[in-house]
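Asker: Numbering (the working numbering), first residue to last: 0 to 251. Ideal Cβ positions, reconstructed from N, Cα and C, are used throughout, including at glycine. These numbers come from a predicted model, not from an experiment. One structure coming up, written as structure tokens, with questions to follow.
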Amino acid sequence: MNASLGKIRVAIVDDEPLARLAVKVRLAQRSEFELVAEYGDGDSALEGIAALRPDLVFMDVQMPGKSGIEVLAALPPRQRPMAVLLTAWDNFALQAFDLAAIDYLLKPVDDERLDEALDRALRAWPYRRNDSAAPAQWTRSFTVRSGARTVLVPAGEVERIEADGDYATLHTGGKTWLVRERLHTLATQLDPHLFQRVHRSTIVRLDMIAELRALTNRDALLRLRDGSLLRASRTYMPALADALDHLNKKTA
């Protein structure tokens with residue numbers, strides 16, 4: 000693998016701890032891959048993958064909550080990682096093809112077959128990476144209504160965004176604006192180097208964070224520059240830590 004591409008960041012999603020362990024053991028023997036997260040159910044996997052954006056996911060098909068197929072289908076195509084589906088049944092091949100999965104492994108998976116899937120990911124990675132690295136049209140401004148007026152709010156002036164049912168509230172300079180978009184949709188439209196979702200109900204502009212304090216349950220308490228206190232869920236902490244590290248290196 001071309002070293003300039005870096006390691007392939009992997010997430011494992013399976014409700015069986017032993018199944019996750021089998022993949023983890025094999026990954027540990029392959030220096031080209033880095034395990035960044037593991038999840039035991041579909042609901043937490045969807046939130047975690049959307050926040051962390053791994054390059055490759057080993058996805059169990061049948062799990063509590065959302066199935067693996069439903070998790071992948073719920074992700075926007077540009078955010079959908081390379082996927083290797085894991086299942087005890089052989090009747091999901093068509094769905095796997097529709098979601099552009101790179102492999103489909105039947106349990107119990109032997110080491111040789113797992114290595115074959117990893118090799119396939121290595122071959123596909125340069126092409127997937129180049130596609131995902133294409134210039135993204137991140138949201139530059141929001142169109143909001145203020146009485147009879149239409150106002151453009153620059154994204155760079157937004158300090159945080161909070162969910163409000165089917166809408167979202169922008170906070171900027173002491174003012175609030177209501178936009179007709181769900182928070183999940185906005186999270187996919189904003190530059191992740193500038194904004195990060197820190198909770199299922201909150202997105203924060205990274206340079207607004209003045210202090211981050213770890214809590215005992217792996218959540219964190221954020222203090223913003225305007226004095227606001229927000230809770231960051233542990234689901235979003237790995238992606239937030241990566242984004243803050245990138246921001247610090249950029250401004251150093």
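Touch check for the region 202-211 and the region 158-167: three-plus C-beta pairs under 8 Å?
Answerer: The region 202-211 is in contact with the region 158-167.
Asker: Check whether the region 35-43 and the region 9-16 touch, using three or more Cβ-Cβ pairs below 8 Å as the test.
Answerer: The region 35-43 is in contact with the region 9-16.
Asker: Can you find the residues in the same chain that come closer than 7 Å, C-beta to C-beta, to Leu220, ignoring five residues on each side of it along the sequence?
Answerer: For Leu220, where only same-chain residues beyond five positions count, the Cβ hits under 7 Å are Arg212, Leu214, Leu228 and Arg230.
Asker: Throw me the rounded Cβ distance for the Phe57 and Val22 pair, which I believe falls under 8 Å.
Answerer: 5 Å between Cβ atoms; contact.
Asker: Let me check one thing: in DSSP terms, what residues is His198 bridge-paired to?
Answerer: Answer is Thr201.
Asker: Bridge partners of Lys174, per DSSP?
Answerer: BP columns for Lys174 point to Thr171.
Asker: Taking the beta strand (DSSP E) that Thr142 belongs to, which residues open and close that run?
Answerer: Residues Ser140 to Ser145.
Asker: Using a threshold of 8 Å, state whether the C-beta atoms of Ala209 and Leu193 are closer than that.
Answerer: No.
Asker: I'd like to confirm the pairing. Which residues does DSSP put opposite Val60 in its beta bridges?
Answerer: Per DSSP, none; premise fails for Val60.
Asker: Hey, would you say Ala49 sits closer than 8 Å to Gln78, going by beta carbons?
Answerer: Yes, the Cβ-Cβ distance between Ala49 and Gln78 is below 8 Å.
Asker: Name the residue from Lys248, Gln188 and Ala116 whose alpha carbon lies nearest to the alpha carbon of Phe32.
Answerer: Ranking Lys248, Gln188 and Ala116 by Cα distance to Phe32 puts Ala116 first.
Asker: In chain order, what residues of the same chain have a beta carbon less than 6 Å from the beta carbon of Met62, not counting five sequence neighbours either side?
Answerer: Here the set comprises Asp14, Asp40 and Gly41.
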